[in-house]
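Visitor: Encoded as structure tokens, here's the structure I'll be asking about.
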Amino acid sequence: MVGVQSLVEDRCQASVGYKVLRDAMLHLDGLSYLETLEDVDMDRVDIKGLLGLRNMRKLSATCDSRKDSLEPFLKSRSIEHLSLKIKGPVVSENPMMLSISQSIRKLDIDDKISVPLTLDMFPKSLVKLGLWYCELQEDPMPILERLPQLRSLEIHVDRHAFISKMICSAGGFPQLTYLAIDGIFRLTEWTVEAGALPNLKKLEIYNSPIRMLPDTSPSSVDIACKPCVGGIDRYTTCPYFNRQGD
4 MVGVQSLVED
14 RCQASVGYKV
24 LRDAMLHLDG
34 LSYLETLEDV
44 DMDRVDIKGL
54 LGLRNMRKLS
64 ATCDSRKDSL
74 EPFLKSRSIE
84 HLSLKIKGPV
94 VSENPMMLSI
104 SQSIRKLDID
114 DKISVPLTLD
124 MFPKSLVKLG
134 LWYCELQEDP
144 MPILERLPQL
154 RSLEIHVDRH
164 AFISKMICSA
174 GGFPQLTYLA
184 IDGIFRLTEW
194 TVEAGALPNL
204 KKLEIYNSPI
214 RMLPDTSPSS
224 VDIACKPCVG
234 GIDRYTTCPY
244 FNRQGD
């Protein structure tokens, strides 16, 4: 196992943060002062040493399917800002696992989730959420719109997903500023009730055959979409594609 001094790519000004080379095994003994660690691959880190970093406040990591390596960090009381990229069936096999954490701020899940989403599956601390290649069979909006701090949401679904309608309720997504929807090939109807998405600034829609954009969204929203969606002309700033069907 190689010491961390040979793995350092960038050292932060206050000597409390490191950016680690992706292809090397990370050994963390003797670094009790470390406060920030970025882009950690859980398959290439000494878990015991990482758990021993009592001054760790900010951690971003990628996890495959090692529940045993992920769970201690979800329970950590010292980490204040946790960013996770989860690949594999961690969430599908353990739907409630992430809810034990109150420090997850950013979460990307690359998992063929097909089970209905529930609010208990997600920590209320989430600011950014990405769902990748999921196989959702039900509209996720009634659940996700209730995450109180969520500001950025990306939903990229697998071709096996079956969602034909989406509804954003009044008061839903109170903090959301960015929304991206991609690959919901059966989606034709999207309803946004008055008072939903009050802070939305940018909307991206790709490969989702929505017939008409909701007329309740603020006209100042920047919109990108392909193919073009009906009703887009009401938006004053819209860097979108295929307006003329080109």
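Just so we're aligned: the sequence shown equals residues 4 to 249 in our numbering. Note that CB positions come from ideal geometry on N, CA and C, so glycine has one too. The structure displayed is predicted, hence computed values, not measured ones.
May I ask you to list the residues that DSSP assigns as paired with Tyr-262?
Guide: Not covered by the structure: residue 262. The range shown for the chain is 4 to 249.
Visitor: Go to Lys-51, then tell me how far its alpha helix (DSSP H) extends in each direction, as first and last residue.
Guide: Membership of Lys-51 in the alpha helix (DSSP H) is indicated by the continuous run 50-54.
Visitor: Cβ of Ile-208 within 9 Å of Cβ of Ala-173?
Guide: Their beta carbons are not under 9 Å apart, which means Ile-208 does not touch Ala-173 by this criterion.
Visitor: Which residues in the same chain have their Cβ closer than 8 Å to the Cβ of Met-99, if we skip the five residues on either side of it in sequence?
Guide: Asp-123, Met-124
Visitor: What separation, rounded to the nearest whole angstrom, lies between the Cα atoms of Gly-198 and Glu-74?
Guide: 37 Å
Visitor: Helix, strand or coil: which one does DSSP assign to Arg-14?
Guide: Low confidence applies here, because Arg-14 scores a pLDDT of 38, under 50, leaving its location unreliable; read the following figure in that light. In the structure shown, Arg-14 sits in a strand (DSSP, three-state: E or B).
Visitor: Give the secondary structure of Arg-154 by DSSP, where H, G and I count as helix, E and B as strand, and everything else as coil.
Guide: coil
Visitor: Taking Leu-139 as the reference, which of Ile-116, Pro-145, Glu-157 has the closest Cα?
Guide: The residue with the shortest Cα to Cα distance from Leu-139 is Ile-116.
Visitor: Taking DSSP as the reference, what is the three-state secondary structure of Ile-116?
Guide: coil
Visitor: Whose CA, out of Asn-97, Leu-110, Val-93, Lys-90, lies closest to the CA of His-84?
Guide: Leu-110
Visitor: Express the C-alpha separation of Ile-166 and Pro-217 in angstroms, rounding to a whole number.
Guide: 17 Å
Visitor: According to DSSP, is Met-169 part of a helix, a strand, or is it coil?
Guide: In the displayed model, Met-169 falls within a strand according to three-state DSSP.
Visitor: The alpha helix (DSSP H) that contains Leu-87, what's its start and end?
Guide: From DSSP, Leu-87 is part of no alpha helix (DSSP H) but of the beta strand (DSSP E) over 84-90.
Visitor: What does the alpha-carbon distance come out to for the pair Glu-148 and Asp-32?
Guide: Near 42 Å, if we compare the C-alpha coordinates of Asp-32 and Glu-148.
Visitor: Below 9 Å between beta carbons: does that hold for Ile-112 and Val-94?
Guide: yes
Visitor: Give the straight-line distance between the Cα atoms of Pro-212 and Met-45, rounded to the nearest whole angstrom.
Guide: Looking at the two C-alpha atoms, the distance is approximately 38 Å.
Visitor: Taking the straight line between their C-alpha atoms, what separation do you get for Arg-163 and Ile-187?
Guide: Arg is not the amino acid found at residue 163; the sequence shown has His there. Rounded to whole angstroms, His-163 to Ile-187 spans 9 Å at the Cα level.
Visitor: Give the range of the beta strand (DSSP E) segment to which Ser-63 is assigned.
Guide: 61-66
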